[in-house]
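Residue numbers (my numbering): 378 to 683. Idealized CB from N, CA, C, for every residue including glycine. Below you'll find the structure, written out as structure tokens, and then a few comments.
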Ligand code: CP
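Here it is as structure tokens:
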């Protein structure tokens with residue numbers, strides 16, 4: 378059982394806690410592969426997804442995860458809620474508490490919003506992505522996918538290329554992978570590399586070739602057009618040509634190195650279409666891992682409470 382009320386980021390989690398989530402996620406994934414979608418783990422619970430930013434994968438998979446385990450699941454899209462009438466995040470949280478809601482899964486454009494909510498509500502809070510801070514369930518599903526394709530995450534080399542500066546996925550993966558003993562290499566235009574990411578444990582590379590050399594996994598990250606405020610790189614075409622992951626660049630990786638991407642992908646920008654749809658791609662498998670790992674998170678946070 379996770380001995381914490383909330384899941385806010387992988388910076389906070391121990392290697393043992395990450396391992397527990399991945400082990401439980403692997404069991405959930407086995408059930409999903411057998412098409413078992415009626416489980417009792419969350420019977421009598423209610424889960425609300427509260428999304429202040431767009432999402433397909435994360436929102437849908439948290440909702441399905443809750444429903445597959447028997448919970449009452451509802452979604453609040455900020456655009457169509459009382460947030461539009463001026464209600465604060467804390468007051469929205471208190472309203473959900475008053476409705477006897479057990480878990481709030483929140484995505485918010487401001488880093489730290491899930492922590493503020495967690496400090497003020499009784500419900501468990503799960504961070505589904507906060508600004509440029511963390512996206513813990515994404516990194517956990519990435520690690521589950523890696524763990525199923527290699528004997529261990531310990532000793533793996535993972536190359537992350539793309540918009541690292543704006544990426545909460547990059548940070549959560551860095552924290553989680555380092556805790557499990559992997560090496561994390563990063564490459565992007567200098568304008569898309571956050572200052573001090575090396576001090577957090579990343580190996581910052583000077584070329585695509587250096588980043589991908591000897592990698593077991595090559596992860597592309599989306600160019601976040603909505604968070605670019607001008608002039609960080611010349612054009613998407615030039616990004617693809619000089620910084621994108623291509624079949625040529627993959628030759629520097631280990632034979633059969635895996636290609637991953639959290640999605641949504643800008644096809645032909647971060648990765649070529651051939652790599653996205655190719656044999657070494659694990660992008661669709663990441664989506665299934667997403668439901669499994671979110672089932673594990675919801676179950677482990679609420680277990681033994683009723
Ligand atoms: N990877 C990810 O967070 O995707 P969504 O924005 O579709 O949830």
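Exercise. Starting from residue 658, follow its DSSP beta bridges and name the residues at the other end.
Key: Looking up residue 658 in the chain shown gives position 281. Paired residue(s): 636.
Quiz item: Would you say residue 522 touches the ligand CP, meaning its beta carbon is less than 7 angstroms from a heavy atom?
Solution: Here residue 522 refers to the residue found at position 145 when the chain shown is read from its first residue. Residue 522 Cβ: outside cutoff for every heavy atom of the ligand CP.
Quiz prompt | Residues of its chain near residue 522, where Cβ-Cβ distance is below 6 angstroms and the 5 sequence neighbours each way are ignored | solution = Walking along the chain shown from the start, residue 522 turns up at place 145. Once the five neighbours on either side are set aside, the close Cβ partners of residue 522 are 659, 662, 663 and 666.
Exercise. Can you tell me the Cβ-Cβ gap for residue 441 and residue 674, rounded? I've got them flagged as a contact below 8 angstroms.
Key: Locating residue 441 in the chain shown gives position 64, counting from the first residue. Locating residue 674 in the chain shown gives position 297, counting from the first residue. Their Cβ separation, rounded to whole angstroms, is 13 angstroms, which puts residue 441 and residue 674 out of contact at 8 angstroms.
Quiz item: Hey, is the stretch 585-597 in contact with the stretch 634-646, meaning 3+ C-beta pairs nearer than 8 angstroms?
Solution: yes
Quiz prompt | Segment contact flag, the stretch 620-633 with the stretch 578-595, C-beta cutoff 8 angstroms, min 3 pairs | solution = yes
Quiz item: Heavy atom of the ligand CP less than 7 angstroms from the Cβ of residue 418, yes or no?
Solution: Your numbering for residue 418 matches position 41 in the chain shown. No, the ligand CP has no heavy atom inside 7 angstroms of this Cβ.
Self-check item: CB of residue 483 within 8 angstroms of CB of residue 502, strictly
Solution: To locate residue 483, count along the chain shown from 1; it is residue 106. To locate residue 502, count along the chain shown from 1; it is residue 125. For residue 483 and residue 502, yes; Cβs fall inside 8 angstroms.
Exercise. Would you decide whether residue 528 is buried or exposed? Buried here means 16 or more other CB atoms lie within 10 Å of its CB.
Key: Locating residue 528 in the chain shown gives position 151, counting from the first residue. Residue 528 should be labelled exposed.
Practice problem: Pull up the CB-CB distance for residue 542 and residue 508, whole angstroms please, since I reckon it's below 8 angstroms. | Solution: By one-based count along the chain shown, residue 542 stands at place 165. By one-based count along the chain shown, residue 508 stands at place 131. Their Cβ separation, rounded to whole angstroms, is 12 angstroms, which puts residue 542 and residue 508 out of contact at 8 angstroms.
Exercise. Determine the closest residue to residue 676 out of 471, 646, 405 and 393, with distance taken between C-alpha atoms.
Key: For the purposes of this step, residue 676 is taken as residue 299 along the chain shown, with counting starting at 1. The shortest Cα separation from residue 676 among 471, 646, 405 and 393 belongs to 405.
Practice problem: Name the residue from 479, 654 and 506 whose alpha carbon lies nearest to the alpha carbon of residue 428. | Solution: Position 51 of the chain shown, counted from the start, is the residue given in the question as residue 428. The shortest C-alpha separation from residue 428 is found at 506.
Quiz item: So does residue 666 have its beta carbon nearer than 7 angstroms to some heavy atom of the ligand CP?
Solution: Along the chain shown, one-based indexing puts residue 666 at 289. Checking every heavy atom of the ligand CP against the Cβ of residue 666, none is found closer than 7 angstroms.
Exercise. Would you check whether the ligand CP has a heavy atom nearer than 7 angstroms to the C-beta of residue 491?
Key: Counted from its first residue, the chain shown places residue 491 at position 114. Not under cutoff, so the answer is no.
Quiz prompt | Neighbourhood of residue 418 by C-beta distance below 6 angstroms, restricted to the same chain and skipping five residues each side | solution = Counting from 1 along the chain shown, the entry for residue 418 is found at position 41. Excluding residues within five positions, the ones whose Cβ falls inside 6 angstroms are 446 and 676.
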